[in-house]
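For reference, the structure discussed in these notes is given below.
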Amino acid sequence: MLTRRQQIDKTVEWIRAKVEEAHCKGVVVGVSGGIDSAVVAYLIKEAFPDNSMGVIMNIKSNPQDKIDGMKVIDGCGIEYLEFDLDQPQIEILNMVTDKLKDKGLYREESLKMTDANLRARIRMSTVYTVANNLGYLVAGTDNAAEIHTGYFTKHGDGGVDFLPIANLTKGEVFEWAKELGIHEDLINKAPSAGLWEGQTDESEMGTSYKYIDMVLEGKADQVPEKDRAIIEKLHRVSEHKRVPAARPPIFE
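Just so it is clear: in the sequence shown, position 142 is 142 by the working numbering, and no numbers are missing.
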């Protein structure tokens with residue numbers, strides 16, 4: 001059984017191999033101020049000390065997220081860029097909703113999620129713009145719990161080149177964060193995708209990462225029935241996010 005440090009070292013080696021296979025020069029990651037992106041930022045900095053980049057992006061964000069993001073930047077010493085994306089996001093959202101209203105198709109009840117997913121997709125488009133210019137790959141920040149429940153935005157934070165912490169439960173992400181020396185404020189922070197004011201992952205999902213981790217660890221029988229049903233439903237309805245885009249059979 002490898003120690004956490006040995007697992008981290010193996011992951012760093014794997015990141016280097018992925019970049020080499022793609023004939024790229026380094027890695028970029030969006031830094032949100034959360035624990036997952038913090039761990040990935042530390043990993044890519046170890047993998048490519050001189051060719052790694054963190055990107056901080058504000059879209060109607062809680063000011064604390066930038067403060068926490070800078071704790072990541074300063075903590076691992078990674079190069080970074082910062083962008084204020086409020087205006088582009090507002091312009092696209094208003095343009096689309098105005099056109100839908102003109103056609104009589106607009107649905108007010110869908111606005112909150114439309115707004116949230118657009119934020120995630122604009123952030124990822126920005127990260128890829130940086131990556132394309134530098135010749136870097138884009139590292140994702142989704143962990144095993146998020147992948148299992150589909151708790152990511154399709155073609156947003158889910159649209160990346162590789163996922164270095166995809167095999168880690170949420171609990172293991174916290175263990176790696178401690179091993180890497182990530183600031184305790186991030187370790188103690190309630191997980192949030194920053195999709196809207198006051199949003200937290202667990203309140204939106206309706207269950208806890210503790211129970212999702214237990215399902216992933218084969219302990220579903222120990223999870224309360226209500227939470228187990230929620231997790232099963234989240235996994236079922238998000239299946240389309242985990243598979244390649246559908247293509248028809250060849251009609252002959």
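Glycine included, each C-beta is placed from N, C-alpha and C at the ideal position.
Computed from a prediction, not measured in an experiment: that's the story for all the values here.
Buried/exposed call for Asp157, threshold 16 Cβ in 10 Å: buried
Using the rule of at least 16 other Cβ atoms within 10 Å of the residue's Cβ for burial, across every protein chain shown, is Met124 buried or exposed? buried
Can you find the residues in the same chain that come closer than 6 angstroms, C-beta to C-beta, to Leu180, ignoring five residues on each side of it along the sequence? Tyr42
Evaluate contact between the region 5-18 and the region 113-124, counting only Cβ atoms and requiring at least three cross-stretch pairs below 8 angstroms. no
Do you know offhand how far Pro88's Cα is from Thr97's? Using only the alpha carbons, I get a separation of about 14 angstroms.
Whole angstroms is fine: what's the gap from Gly26's alpha carbon to Lys66's? 24 angstroms
Would you report the Cα separation of Ser52 and Lys18, rounded to the nearest angstrom? 14 angstroms
Does the beta-carbon of Ser61 have 16 or more other beta-carbons within 10 angstroms, so that it is buried, or is it exposed? buried
Flag this pair as yes or no: are the beta carbons of Ala259 and Asp213 separated by less than 8 angstroms? Nothing can be reported for residue 259: it is not among the residues displayed for the chain, which extend from 1 to 252.
Exposed or buried, which one is His23 when buried takes at least 16 other CB atoms within 10 Å? exposed
Mind reading off the beta-carbon distance from Asp68 to Lys178? Whole number of angstroms is fine, and I expect it under 8 angstroms. In fact, because the Cβ distance is near 16 angstroms, the residues do not count as touching under 8 angstroms.
Taking Cβ positions, are Val72 and Ala139 nearer each other than 8 angstroms? no
What residues in its chain sit with their C-beta under 6 angstroms from that of Ile78, if we drop five residues either side in the sequence? These residues qualify, in order along the chain: Ala41, Lys45, Ser52, Gly54.
Taking the alpha helix (DSSP H) that Ile182 belongs to, which residues open and close that run? Element bounds for Ile182: n/a, residue is neither H nor E.
So, is Leu168 buried or exposed, given that buried needs 16 or more other C-beta atoms within 10 angstroms? buried
I need the boundaries of the beta strand (DSSP E) containing Ser52, first residue and last residue. 52-58
Given a cut-off of 8 angstroms, decide if Gly30 and Val127 are closer than it, judged by their beta-carbon atoms. yes
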